[in-house]
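Protein sequence lines correspond, in order, to chains A and R.
One rule links them: number in the numbering used here = place in the first sequence (from 1) + 1.
One rule links them: number in the numbering used here = place in the second sequence (from 1) + 1.
Below you'll find the structure, written out as structure tokens, and then a few comments.
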Amino acid sequence: MSGAVYARFELLRTVRNRRFFIFSLAFPLVLFFAVASGNRHAIVDGIKFPLYYMTGMAAWGSMNGITAGGARIALERTAGWTRQMRITPLSTRTYFGTKILSGYLIGAISIALLYLAGTSLGVSLSASGWLTMTGLLLVGLIPFAVLGILLGHLLTPDSMGPALGGGTSLLAVLGGAFGPLASSGVFLDVVKCLPSYWLVQAGKSAINKHGWPAQAWIVVAAWSVALIALSVFVYRRDTGRV
Amino acid sequence: MDQERSPSATAQAQRTGVSAVGLVKSFGAVKAVRGVDIHIAPGEVVALLGPNGAGKTTTIDMILGLSRPDAGTISLFGMSPAEAVHAGLVGGMLQTGSLIGQLSVRELVTMVASLYPKPLPVAEALGLSGTAEFADRRTDKLSGGQTQRVRFAVALVANSDLLVLDEPTVALDVEGRRDFWEAMRKFVTTGRTVVFATHYLEEADAYSDRIVLMARGRVVADGPATEIKARVGLRTIRATLPGADHAAMAAWPGVATVEERGEAIVLHCTDSDVALRRLLQQYAEARDIEVRGAGLEEAFLELTEDHEEVK
């Protein structure tokens with residue numbers, strides 16, 4: 002039917018949820034300015050620090066926003082609203098698709114704001130560099146979009162804050178969003194199996210103009226498929242019983 | 002539910018707008034519904050009446066396709082619940098639930114309307130449900146009664162062939178209850194099938210064509226409202242009246258039995274109005290008069306006892 006009207010109101014709800022919206026955008030931005038402005042001329046991994054940190058914060062901010070976007074399903078489940086929707090012609094696909102879309106809206110705004118912030122501290126990239134980085138970030142966010150939906154079925158509104166804030170921050174730290182944790186060894190091998198590592202690397206890969214290695218695509222795809230399968234399972238369990 | 006239907010079976014299904022056969026549903030060790038058959042013709046308004054725990058909500062959830070029966074089949078206008086829901090033939094108000102935030106009442110109702118193939122105009126749904134005067138307020142700034150009305154608006158705007166309401170007036174005060182049913186009367190025009198669950202006999206009696214009485218997971222009676230009311234609607238009159246002629250009172254019209262409690266008498270009535278007039282006429286000195294509806298719960302339990310094979 003007309004999923005467009007439904008999606009329009011969902012997006013409107015996302016933007017109107019001011020506290021959620023502002024906080025998910027503000028933290029990475031504040032952190033970026035706080036850390037990067039004092040280290041404008043430092044070099045990390047052969048990359049100028051503001052650029053390095055911009056990619057890290059863009060990864061963290063968008064990851065956080067997109068996961069939280071899906072996890073808001075927990076609120077709608079508690080309110081009984083998902084049950085109400087299940088007796089309308091709204092398809093499951095549209096319901097989840099719209100949630101992912103609104104998560105991507107926050108993610109995209111978060112990325113755009115950090116690009117602007119980066120530019121204000123002298124970050125410059127070629128057009129193809131910006132495009133590659135953005136494209137890889139958007140692809141790298143897929144597992145987090147699905148993770149949000151999964152958590153929306155597992156969390157209660159009470160546990161949402163700590164679980165999400167702690168969980169995505171941990172993934173971001175391990176992925177190297179706040180600075181590389183390891184440059185070699187077993188630890189790096191483990192970290193390289195996390196989708197957050199490749200999300201952070203999306204920026205770095207674009208800067209070095211060599212794109213993602215095959216491992217990145219495999220890790221992101223594997224996490225996406227696994228999380229989708231888990232979400233389907235949890236959704237079925239949820240709707241079969243209730 | 003996907004098996005081939007013969008033409009006569011299809012005709013049968015259409016004649017019975019809603020048809021549930023042999024429904025069984027357990028939650029762990031709790032047998033919530035144990036073999037329920039309900040048939041509702043298109044255009045019929047049917048009340049599911051019963052005390053808490055009778056299995057009304059479980060039955061409604063299965064009819065709506067929100068939960069799968071352990072056994073039994075359900076057909077809505079010849080379709081499975083999922084198909085009927087998908088086709089937009091079903092609208093409803095679930096027993097529990099609040100609203101999603103960040104939208105005004107009007108926006109929320111518009112959002113839901115957009116999902117249905119032939120919704121009511123939003124303004125009409127707002128008017129009928131009595132939500133028009135606060136239509137621009139955000140849904141998280143409403144009182145309990147207002148929230149309930151918005152939930153009603155959400156159910157109405159579907160303009161569905163089948164409207165299912167699970168204890169729709171439970172959060173409303175007396176006035177809200179009256180407004181609600183007034184709106185329902187306006188809405189239920191030709192051909193709309195309505196099922197509502199309630200534990201108020203008065204509501205079931207006043208607003209349904211037929212009452213399906215449920216208790217302990219079973220249908221214990223199914224018939225016109227008046228018939229059901231006669232079976233469970235006993236009232237008692239209690240009065241302080243020393244020296245009354247009990248035997249004569251038991252023979253009064255509208256009185257079933259008489260009980261003596263010290264100086265007081267208790268009349269169990271089939272028609273308490275008639276009995277009370279007679280009482281006042283004959284015994285002007287009667288004091289402390291109380292008229293009470295018999296506890297529905299007790300009445301239900303009595304009715305179910307005959308049906309109880311296993312405890």
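Every residue gets a Cβ at the ideal spot worked out from N, C-alpha and C, and that includes glycine.
Partner residues on chain R for residue i, Cβ-Cβ distance less than 9 Å
i: Pro158 (chain A); result: Those within 9 Å of Pro158 (chain A) in chain R number zero; the least Cβ separation is about 12 Å.
Status (buried if at least 16 other CB within 10 Å, exposed otherwise) for residue i
i: Cys194 (chain A); result: exposed
i: Ala85 (chain A); result: The residue you asked about is not Ala; residue 85 (chain A) is Gln in the sequence shown. Buried, since its Cβ has 16 or more Cβ neighbours within 10 Å.
i: Asp159 (chain A); result: exposed
i: Leu117 (chain A); result: exposed
i: Ile64 (chain R); result: buried
i: Tyr132 (chain A); result: Contrary to the premise, residue 132 (chain A) reads as Leu rather than Tyr in this sequence. When all chains shown are included, Leu132 (chain A) counts as exposed.
i: Gly204 (chain A); result: buried
i: Asp307 (chain R); result: Below a pLDDT of 50, predicted positions are generally treated as unreliable, and Asp307 (chain R), at 49, falls in that range; the measurement from the model is reported next regardless. Exposed: under 16 other Cβ atoms inside 10 Å.
i: Lys49 (chain A); result: buried
i: His154 (chain A); result: buried
i: Lys100 (chain A); result: buried
i: Gly66 (chain A); result: buried
i: Glu261 (chain R); result: exposed
i: Pro29 (chain A); result: buried
i: Ala21 (chain R); result: buried
i: Val31 (chain A); result: exposed
i: Lys119 (chain R); result: exposed
i: Arg14 (chain A); result: buried
i: Ala227 (chain A); result: exposed
i: Ala30 (chain R); result: exposed
i: Gln282 (chain R); result: exposed
i: Ser9 (chain R); result: Note that Ser9 (chain R) scores 49 on pLDDT, short of 50, meaning its location in the model is unreliable and no value can be drawn from it.
i: Ala124 (chain R); result: exposed
i: Gln216 (chain A); result: exposed
i: Glu77 (chain A); result: buried
i: Phe78 (chain R); result: buried
Residue closest to residue i, alpha-carbon to alpha-carbon, out of the options
i: Gly145 (chain R); options: R:Glu125, R:Thr97 and R:Glu183; result: R:Thr97
i: Leu142 (chain A); options: A:Arg20, A:Gly62, A:Arg73 and A:Leu189; result: A:Gly62
i: Ala8 (chain A); options: R:Ala216, R:Leu173 and R:Glu108; result: R:Glu108
i: Asp38 (chain R); options: R:Met215, R:Gly255 and R:Val292; result: R:Met215
i: Thr170 (chain R); options: R:Leu163, R:Asn160 and R:Glu183; result: R:Glu183
i: Val221 (chain R); options: R:Val22, R:Val25, R:Gly44 and R:Ala55; result: R:Ala55
i: Thr148 (chain R); options: R:Ala248, R:Val256, R:Pro122 and R:Phe135; result: R:Phe135
i: Ile110 (chain A); options: A:Gly180, A:Ile88, A:Val201 and A:Ala60; result: A:Ala60
i: Ser170 (chain A); options: A:Phe145, A:Asp190 and A:Leu151; result: A:Phe145
i: Gly70 (chain A); options: A:Ser197, A:Ala164, A:Tyr53 and A:Ile107; result: A:Ile107
i: Ile208 (chain A); options: A:Thr135, A:Arg19 and A:Leu172; result: A:Thr135
i: Tyr284 (chain R); options: R:Phe28, R:Thr271 and R:Ala249; result: R:Ala249
i: Asp167 (chain R); options: R:Asp62, R:Ile290, R:Ala42 and R:Glu45; result: R:Asp62
i: Val151 (chain R); options: R:Ala287, R:Lys187, R:Gly66 and R:Leu104; result: R:Leu104
i: Phe188 (chain R); options: R:Val106, R:Gly92, R:His200 and R:Gly294; result: R:Gly92
i: Ala72 (chain R); options: R:Asp174, R:Leu24, R:Ala83 and R:Asn53; result: R:Leu24
Residue i - partner residues in DSSP beta bridges
i: Phe28 (chain R); result: R:Val31
i: Val213 (chain R); result: R:Leu49 and R:Asp223
i: Lys119 (chain R); result: Beta-bridge pairing links Lys119 (chain R) to no other residue.
i: Lys49 (chain A); result: A:Ile44
i: Val292 (chain R); result: R:Ile238
i: Asp167 (chain R); result: R:Ala198
i: Ser20 (chain R); result: R:His40 and R:Ser76
i: Val259 (chain R); result: R:Leu268
i: Arg139 (chain R); result: R:Ser105
Amino acids of chain R, ordered along the chain, whose beta-carbon sits closer than 7 Å to that of residue i
i: Phe10 (chain A); result: Leu104, Glu108 and Met112
i: Trp131 (chain A); result: Here the premise fails: no neighbours, minimum Cβ distance about 32 Å.
Chain R contact residues for residue i, given Cβ-Cβ distances below 8 Å
i: Asn18 (chain A); result: Gly102 and Gln103
i: Arg14 (chain A); result: Ile101, Gly102, Gln103 and Leu104
i: Ala80 (chain A); result: Gly98, Ser99, Leu100 and Ile101
heavy atom of the ligand COA below 8 Å from residue i C-beta
i: Val16 (chain A); result: This structure lacks the ligand COA, and indeed carries no ligand of any kind.
Contacts that residue i makes with chain A (C-beta to C-beta distance below 8 Å)
i: Ala154 (chain R); result: Ordered by position in chain A, no residue passes the 8 Å Cβ test against Ala154 (chain R), which lies about 12 Å from the chain.
i: Ala159 (chain R); result: Thr89
Contacts of residue i in chain A (Cβ-Cβ under 7 Å)
i: Leu116 (chain R); result: Met2, Tyr7, Thr89, Pro90 and Leu91
i: Ala124 (chain R); result: The contacting residues do not exist; Ala124 (chain R) stays about 16 Å from chain A at best.
Contact set between residue i and chain A, taken where Cβ atoms lie within less than 9 Å
i: Leu67 (chain R); result: Arg84, Arg87, Ile88, Thr240 and Val243
i: Ala245 (chain R); result: Within 9 Å Cβ-Cβ: nothing; Ala245 (chain R) doesn't reach chain A, min ~53 Å.
Quiz item: In chain order, which alpha helix (DSSP H) runs of at least 4 residues are fully inside the segment 175-210 of chain R?
Solution: 175-188 and 202-208
Quiz item: What are the residues of the segment 80-98 of chain R that lie near chain D, defined by any Cβ-Cβ distance shorter than 8 Å?
Solution: The chain labelled as chain D is not found among the protein chains of the depicted structure, namely A and R.
Practice problem: Only counting runs of 4 or more residues, tell me where the alpha helix (DSSP H) segments fall wholly within the segment 176-218 of chain A, in order along the chain. | Solution: 187-192 and 196-208
Quiz item: In the segment 69-104 of chain R, which residue ranges form an unbroken alpha helix (DSSP H) of at least 4 residues, counting only runs that do not cross its ends?
Solution: Within the segment 69-104 of chain R, the complete alpha helix (DSSP H) runs of at least 4 residues are 82-87.
Exercise. Write down every uninterrupted run of the beta strand (DSSP E) in the segment 77-119 of chain A whose length is 3 residues or greater and which is fully enclosed by it, in chain order.
Key: None, since the segment 77-119 of chain A contains no complete beta strand (DSSP E) of that length.
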